[in-house]
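Asks:
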Amino acid sequence: MAWPLVVCAVLAVEWSLLHERIEADIALLLASGRDAAVAPAPGPVLPPLPAAPAPAADGAVGSVDLRTVRACGAGQDCLVRIHVGLRPAPEPVAVDWTVRLDDLCGGAGATLAGGTVSVPAGVDRADVVAAVRVPDAAATALTVVTGGAGAAASPAVRVPPTGGCAP
9 MAWPLVVCAV LAVEWSLLHE RIEADIALLL ASGRDAAVAP APGPVLPPLP
59 AAPAPAADGA VGSVDLRTVR ACGAGQDCLV RIHVGLRPAP EPVAVDWTVR
109 LDDLCGGAGA TLAGGTVSVP AGVDRADVVA AVRVPDAAAT ALTVVTGGAG
159 AAASPAVRVP PTGGCAP
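Residue numbering for the sequence shown follows the working numbering, beginning at 9 and increasing consecutively.
1. Just to confirm before moving on: does the CB-CB distance between Gly-93 and Thr-124 stay below 8 Å?
2. Please tell me whether Val-127 and Pro-100 are closer than 8 Å, where the distance is taken between their beta carbons.
3. Three-state secondary structure (DSSP) at Val-18?
4. Looking at Ala-164: is its Cβ nearer than 8 Å to the Cβ of Thr-151?
5. Would you verify that the beta carbon of Val-153 is, or is not, closer than 8 Å to some beta carbon of chain B?
6. Is any heavy atom in the ligand PLP found nearer than 7 Å to the beta carbon of Ala-157?
7. Can you give the Cα-Cα distance for Thr-148 and Thr-76, rounded to whole angstroms?
This is the structure we're talking about:
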């Protein structure tokens with residue numbers, strides 16, 4: 009029956025060595041949640057992405073996707089990869105494409121690049137890498153829109169990915 013004495017001795021040694029630390033931790037625990045919540049400093053507001061300017065897929069075009077090749081930001085040249093998924097056709101297909109930019113804070117829009125891709129008969133995809141100059145704006149979105157063989161639009165991609173508007 010010596011175990012209660014051993015436990016008391018261990019607790020007494022711990023209290024004598026760690027007294028200030030234990031008191032500080034207990035005070036911190038008791039004070040938590042009682043301080044007035046400090047609101048974080050207002051940061052940029054992440055605006056919603058624009059709606060696609062064309063139907064999801066039409067005609068020979070089955071899907072459209074836009075990706076940045078590497079990280080890019082406002083005021084920079086940006087390489088983008090455009091992927092157009094096609095429904096294979098028995099004849100060659102010409103796909104017109106444009107890269108559209110939307111200023112998410114200012115509301116302005118512009119066409120940055122465009123072109124036409126000729127796809128041989130029976131092929132189910134077309135891929136293009138294009139350089140676009142993203143203007144110096146806080147938050148923009150890029151979208152690719154197709155025409156010719158079929159109207160379709162990609163989901164919008166934020167450039168820069170974390171850009172936001174001042175509150």
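Glycine included, each C-beta is placed from N, C-alpha and C at the ideal position.
Replies: Put simply:
1. Walking along the sequence shown from the start, residue 93 turns up at place 85. Walking along the sequence shown from the start, residue 124 turns up at place 116. No, they are not a contact pair.
2. For the purposes of this step, residue 127 is taken as residue 119 along the sequence shown, with counting starting at 1. For the purposes of this step, residue 100 is taken as residue 92 along the sequence shown, with counting starting at 1. Taking 8 Å as the Cβ cut-off, Val-127 and Pro-100 qualify as a contacting pair.
3. What you label residue 18 is simply residue 10 of the sequence shown in a count that begins at 1. Reduced to three states, the DSSP call for Val-18 is helix.
4. Residue 164 sits at position 156 when you count from the first residue of the sequence shown. Residue 151 sits at position 143 when you count from the first residue of the sequence shown. It is a contact, given that the beta carbons lie within the stated cut-off.
5. No chain B appears in this structure, which consists of one protein chain only.
6. For the structure depicted, the ligand PLP is absent and the ligand set is empty, with no information on it obtainable.
7. Translated into the one-based positions of the sequence shown, residue 148 becomes position 140. Translated into the one-based positions of the sequence shown, residue 76 becomes position 68. Cα to Cα, Thr-148 sits roughly 13 Å from Thr-76.
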